[in-house]
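**Student:** Sequential numbering from 1 applies to the sequence shown in the UniProt record's numbering. Here it is, the structure, as structure tokens.
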Amino acid sequence: VLHFMQEADSAQKELKKAQETIKQLIESKNKGACHDSVRCMTEKAKLVQEIDQAKQECNTVRSELECQRRTFEQLCLSVEQEKMMMQNEVSSLREKYTSASESISCLELKLGKAYQESKQWQEKYDDLYMIHVNIENQKKELEYVKAREIQLKAMNKMLRNEIRRMTKAQDDALNLEYLRNVIIKFLELKTTRSQLIPVLSSLLQCTHEDQTKLHQIVQNNIIA
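Here it is, written out as structure tokens:
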């Protein structure tokens, strides 16, 4: 575009120069300064040709300038449309950015809330875990106490049996001592030997036949 504008300017200058030359020739003719009419006519024809050529060049440049102007206007219109599209796209992107920023803020709030809830649940879990550990420890202690109780019961039973056995042994020893003394006393006197039969029958769990034999033995010993 700049190149065509420069050419148009140059053509206008040449046209103006040619017009000034014609004007000078006319003035010279009127003053009687032109002595060679043939030469003047030749120069005039040459100048007219140059003027026509300059006009053609001006028209060409004007047409090209008009074409370039239209192209430039179309380009400006296209640029304006593109600018509008870019502005609309920028506005849309700004709206999306604003919406995304709001969504991010909302998500950050939710994330913070979820973190707090997670922290609370972790604390509850820790408390429940400690309760579970305490329960398990109490179970172990209870099992130990039960096992200890069973062991103590077994020891108690064993001690009772041992005491019972020892008591029975002591009673048996006392009964044996008493029986020995009774038998010795009854045997010392022949008159009391017959009274010994019921005692021996009871201790020895004698039958009626055994008791008869004992009576016979005692009677024989008394007679003898």
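Built from N, CA and C at the ideal position, the CB exists for glycine as well.
1) With 16 as the cutoff for other CB atoms within 10 Å, does Leu-111 come out buried or exposed?
2) Using the rule of at least 16 other Cβ atoms within 10 Å of the residue's Cβ for burial, across every protein chain shown, is Ile-197 buried or exposed?
3) Answer with buried or exposed for Val-61, where buried requires no fewer than 16 other C-beta atoms within 10 angstroms of its C-beta.
4) What did DSSP end up calling Cys-76 once you bin it into helix, strand or coil?
5) Taking all protein chains shown into account, decide if Leu-75 is buried (16 or more other Cβ within 10 angstroms of its Cβ) or exposed.
6) Please state the DSSP three-state secondary structure of Thr-71.
7) Can you tell me whether residue 225 is helix, strand or coil according to DSSP?
8) To the nearest angstrom, report how far apart Gln-219 and Glu-209 are at their CA atoms.
9) Taking Cβ positions, are Ser-201 and Gln-211 nearer each other than 8 angstroms?
10) What number of angstroms, rounded off, separates the C-alpha of Gln-151 from the C-alpha of Asn-181?
**Tutor:** Taking the geometry as given:
1) As a position in the sequence shown, residue 111 is number 111, starting the count at 1. So Leu-111 counts as exposed.
2) Residue 197 sits at position 197 when you count from the first residue of the sequence shown. Buried, by the Cβ-count rule.
3) Start at 1 with the first residue of the sequence shown, and residue 61 comes out as number 61. Val-61 should be labelled buried.
4) For this step, residue 76 is matched to residue 76 along the sequence shown. Reduced to three states, the DSSP call for Cys-76 is helix.
5) The residue labelled residue 75 in the question sits at position 75 within the sequence shown. Per the 10 Å Cβ criterion, exposed.
6) Residue mapping note: residue 71 aligns to position 71 of the sequence shown, counting from 1. In the structure shown, Thr-71 sits in a helix (DSSP, three-state: H, G or I).
7) Summary: the structure shown does not reach residue 225, with the chain confined to residues 1 through 224, and so no result is reported for it.
8) Residue numbering aside, residue 219 sits at position 219 when the sequence shown is read from its first letter. Residue numbering aside, residue 209 sits at position 209 when the sequence shown is read from its first letter. So the two alpha carbons sit approximately 15 angstroms from each other.
9) What you label residue 201 is simply residue 201 of the sequence shown in a count that begins at 1. What you label residue 211 is simply residue 211 of the sequence shown in a count that begins at 1. Yes, the pair counts as a contact, with Cβ atoms nearer than the cut-off.
10) In the sequence shown, the residue the question calls residue 151 occupies position 151. In the sequence shown, the residue the question calls residue 181 occupies position 181. Spanning the two alpha carbons is a distance of roughly 44 angstroms.
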